[in-house]
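See below for the structure under consideration.
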Amino acid sequence: MKWVLTPDEFSHVWANETSLDRRPYPVNLAPGATVRTESEYQALRLPQRFARQADPDLAAALMLCARTDATTITISGERTIGARNGDGPSTETILVFAAVVHHHAAILHAAGPGMTVRMCHARTLGKRLVRIIGSAEPGRIATLRQPQDAVLTVDEAPIQAAGCRDAARFRQLLRKPVDGRGFITVTVEPENPISPPTRHRSWLDIRGDGRYLLTSGNELVLAPACDDSFAEQLQRLAQIR
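Terminal number for the sequence shown in this note's numbering: 229, no gaps in between.
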């Protein structure tokens, strides 16, 4: 199921169905309104058009996103869109919030001038999120693993040791131009005391190469990722079975 709402419509429906004023991060970074005056707001007739529980499925999707016990995935990033109608390339912002409870998943996607709300089975969530981020070929370089300090510390001395050369290669890859990049945060059942800590991933679509997933910690891991492996990793991180 899918709904496409204007910023004003979504802000009204979100507050009306969840009794929450604040929209979830990161979709709260998108504009929440387009009208500027009270008369313009009244002309939208939002209370008449979007009465509480008027659409039970939409209400259920929003209530799922508002649950404090839900597993959540947040995605924020950007990608380069090719030239259109004679214009040069442009940058598109990616802002997504997803929530999962049992077999149910809901997605909020701030896209262009509005908000798209989706309800789906949890098993399809990873593929849907990758579709929103955009398809990309996997990177052509095999997985790189290096201590974080070795990659982030730039030594001006000549690079001789194999470890130094590998760290320099890792660093050079991270510095290459990209067509897309972003940050993913996954929090599993935050009210469950035995849940794992919040986990993070970054994706990099390196120009002329392909997509990589970056895992940060004491060790940095940069691994090529096709669409299917990206979706599978999101499913694993969210512990969706």
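Note that beta-carbon positions come from the ideal geometry of N, C-alpha and C, so glycine has one too.
{"query": "Near A145, which residues of its chain fall below 6 angstroms by C-beta distance, leaving aside the five closest residues on each side in sequence?", "result": "With a pLDDT of 47 at A145, under the threshold of 50, the predicted position of this residue should be treated as unreliable, though the coordinate-derived value follows. Around A145: no qualifying Cβ."}
{"query": "Report yes if the C-beta distance between Q41 and E5 is below 9 angstroms; otherwise report no.", "result": "yes"}
{"query": "Between R111, T(-6), I82 and G127, which lies nearest to L225 when the distance is taken from Cα to Cα?", "result": "R111"}
{"query": "Using CA atoms only, rank isn't needed, just tell me which of L32, L208, T59 and P(-5) is closest to L140.", "result": "L208"}
{"query": "Between the alpha carbons of W191 and T173, how many angstroms are there, rounded?", "result": "12 angstroms"}
{"query": "For D9, which three-state DSSP category applies?", "result": "coil"}
{"query": "Give me the DSSP bridge partner(s) of L161.", "result": "Note: L161 sits in no beta bridge, so no partner."}
{"query": "From the DSSP output, which residues share a beta bridge with I61?", "result": "A86 and V174"}
{"query": "Using only the alpha-carbon positions, how far apart do G205 and Q136 sit?", "result": "7 angstroms"}
{"query": "When you compare only the Cα positions, how much space is there between I147 and R153?", "result": "With a pLDDT of 47 at I147, under the threshold of 50, the modelled position of that residue is not reliable, and no figure is offered here."}
{"query": "Around the Cβ of Q160, are there at least 16 other Cβ atoms within 10 angstroms (buried) or fewer (exposed)?", "result": "exposed"}
{"query": "Reducing DSSP to helix, strand and coil, say where G238 ends up.", "result": "Only positions -11 to 229 of the chain appear in the structure, and residue 238 is not among them; the question remains open."}
{"query": "Taking just the CA atoms, how far does L52 sit from V88?", "result": "7 angstroms"}
{"query": "In this structure, does DSSP put H0 in helix, strand or coil?", "result": "helix"}
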